[in-house]
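This report concerns only the one structure given below.
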Amino acid sequence: VSNTNTIANLTQALMQINTMLPVLMALGKTVAGAITKDGTAPADAKQAVNQFREAAQKVRSEGQEWLDTHPADL
Amino acid sequence: MLSKRITIALVVAVMVVTGAVTATGCATRGTATVVATSAKYGEVLMKSIGAAQQAVIAGEATGLVERNPARIAVQRFVDTAALGEKAADKMDRLLAADAAGRAALIIEIASLLDQVSSGALSALVPIGNEQLRSQLTALIAEIVRTVATINREVLR
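Here the protein sequences come in this chain order: A and B.
Position one of the first sequence corresponds to residue 233 (the numbering used here), numbered consecutively onward.
Position one of the second sequence corresponds to residue 89 (the numbering used here), numbered consecutively onward.
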C-alpha cells in the first residue's frame with residue numbers, strides 16, 4: 233500500500249511539475265526581459281563590437297596598403 | 089509525509105528555475121552593457137588612430153614627414169589596430185562567457201585597449217616635424233583620455 237501511495241504521489245508531483253514548468257519559464261523570461269530592457273540588448277552589444285572591429289580593420293588595412301606601396305628609403 | 093517532502097522539493101525547484109532565468113537576464117544585461125560601452129569607446133579610439141595615421145601619410149606625401157619615420161609610425165598604427173581587433177574578439181567571447189570566465193576577459197580587454205593607447209602614443213615618437221607631432225599628440229591625448237574612460241567603465 234505504501235509503495236502504491238508513493239508512486240501515486242510521485243506521479244502527481246511529476247504532473248504538477250510538468251504543468252508548472254512552462255508557466256514558470258514564461259514568468260522568468262518576462263522578468264528577465266524586463267531587466268534586459270533597461271540595459272543593453274546582446275544584439276546591440278554585438279553590433280557595437282562589429283563596428284569597433286571594422287574600424288580597427290580599416291586602420292590596419294589602410295596602413296598595411298601604404299606600407300606595401302611605400303618602401304623604406306635606403 | 090512524502091507529499092510534504094514533494095511539495096518542499098517542488099517549491100525549491102520553482103525557486104531554482106525562476107532564479108536561474110532571472111539571473112541569466114541580469115548577467116546578460118550587465119555583460120552586454122559592459123561590452124557595448126567598451127566597443128563604442130574602442131571604435132572612437134580606432135577612428136582617432138585612423139585620423140592620426142592619415143595625417144602621417146599625408147605629411148609624408150607633402151614632405152612634412154620623412155619616409156622612414158612615417159613608415160615606423162604607420163607600422164605602429166597597424167600593430168595597434170591588430171590589438172584592437174584582438175580586443176574585439178575578446179568582447180565577442182565575453183558576450184558568451186559564463187561567470188567564471190567573465191572577470192578574466194574584462195581585464196584582458198581593458199589591458200588590450202591600454203596597449204592600443206600606448207602603441208598609438210609611441211607611433212608619434214619618430215615624427216620629426218614638431219608642428220605635426222604636437223597636433224597629433226593633442227589627438228592622441230584625447231585617445232588616452234578615452235581609454236582611461238573605457239577602463240573606468242569596464243573595470244567598474
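Note that CB positions come from ideal geometry on N, CA and C, so glycine has one too.
Considering Cα atoms alone, identify which of the options is closest to residue i.
{"i": "B/PHE165", "options": "A/PRO303, A/HIS302, A/ALA277 and A/LYS290", "result": "A/LYS290"}
{"i": "B/VAL161", "options": "B/ALA229, B/ARG233, B/GLY216 and B/GLU230", "result": "First, the residue type needs correcting, since residue 161 of chain B is Ala and not Val in the sequence shown. The candidate whose alpha carbon is nearest that of B/ALA161 is B/GLY216."}
{"i": "B/GLY207", "options": "B/ILE137, B/VAL153, B/ARG233 and B/ALA185", "result": "B/ILE137"}
{"i": "A/ALA277", "options": "B/SER126, B/MET134 and B/LEU133", "result": "B/SER126"}
{"i": "B/GLU218", "options": "B/VAL153, B/ALA169 and B/ARG190", "result": "B/VAL153"}
{"i": "B/ASP180", "options": "A/ASN282, A/THR272 and A/ALA288", "result": "A/ASN282"}
Within a Cβ cutoff of 8 angstroms, which residues of the same chain sit near residue i, ignoring the five residues on either side of it in sequence?
{"i": "B/LYS178", "result": "LEU193, GLU196, ILE197 and LEU200"}
{"i": "B/PRO157", "result": "PRO214, ILE215 and GLY216"}
{"i": "B/ALA176", "result": "ALA127 and GLY130"}
{"i": "B/ARG233", "result": "none"}
{"i": "B/ASP167", "result": "GLY207"}
{"i": "B/LYS174", "result": "LEU200"}
Per DSSP, what kind of secondary structure is residue i in: helix, strand or coil?
{"i": "B/GLU148", "result": "helix"}
{"i": "B/GLU154", "result": "coil"}
{"i": "B/ILE137", "result": "helix"}
{"i": "B/ILE160", "result": "helix"}
{"i": "B/VAL213", "result": "coil"}
{"i": "A/ALA273", "result": "coil"}
{"i": "A/ASP305", "result": "coil"}
{"i": "B/ALA185", "result": "coil"}
{"i": "A/LYS290", "result": "helix"}
Ignore the nearest five residues each way along the sequence and tell me which others in residue i's own chain have a CB closer than 6 angstroms to its CB.
{"i": "A/GLU294", "result": "none"}
{"i": "B/ALA140", "result": "LEU224 and LEU227"}
{"i": "A/GLN279", "result": "none"}
Residues in its own chain within less than 7 angstroms of residue i by CB, not counting five upstream and five downstream?
{"i": "B/ALA191", "result": "none"}
{"i": "B/GLU148", "result": "ARG155 and ALA158"}
{"i": "B/ARG221", "result": "LEU212 and ILE215"}
{"i": "B/THR119", "result": "LEU182, LEU183 and ARG190"}
Could you work out which residues of chain E lie near residue i, taking near to mean beta carbons separated by less than 9 angstroms?
{"i": "B/LEU183", "result": "In the displayed structure, chain E is absent; the protein chains listed are A and B."}
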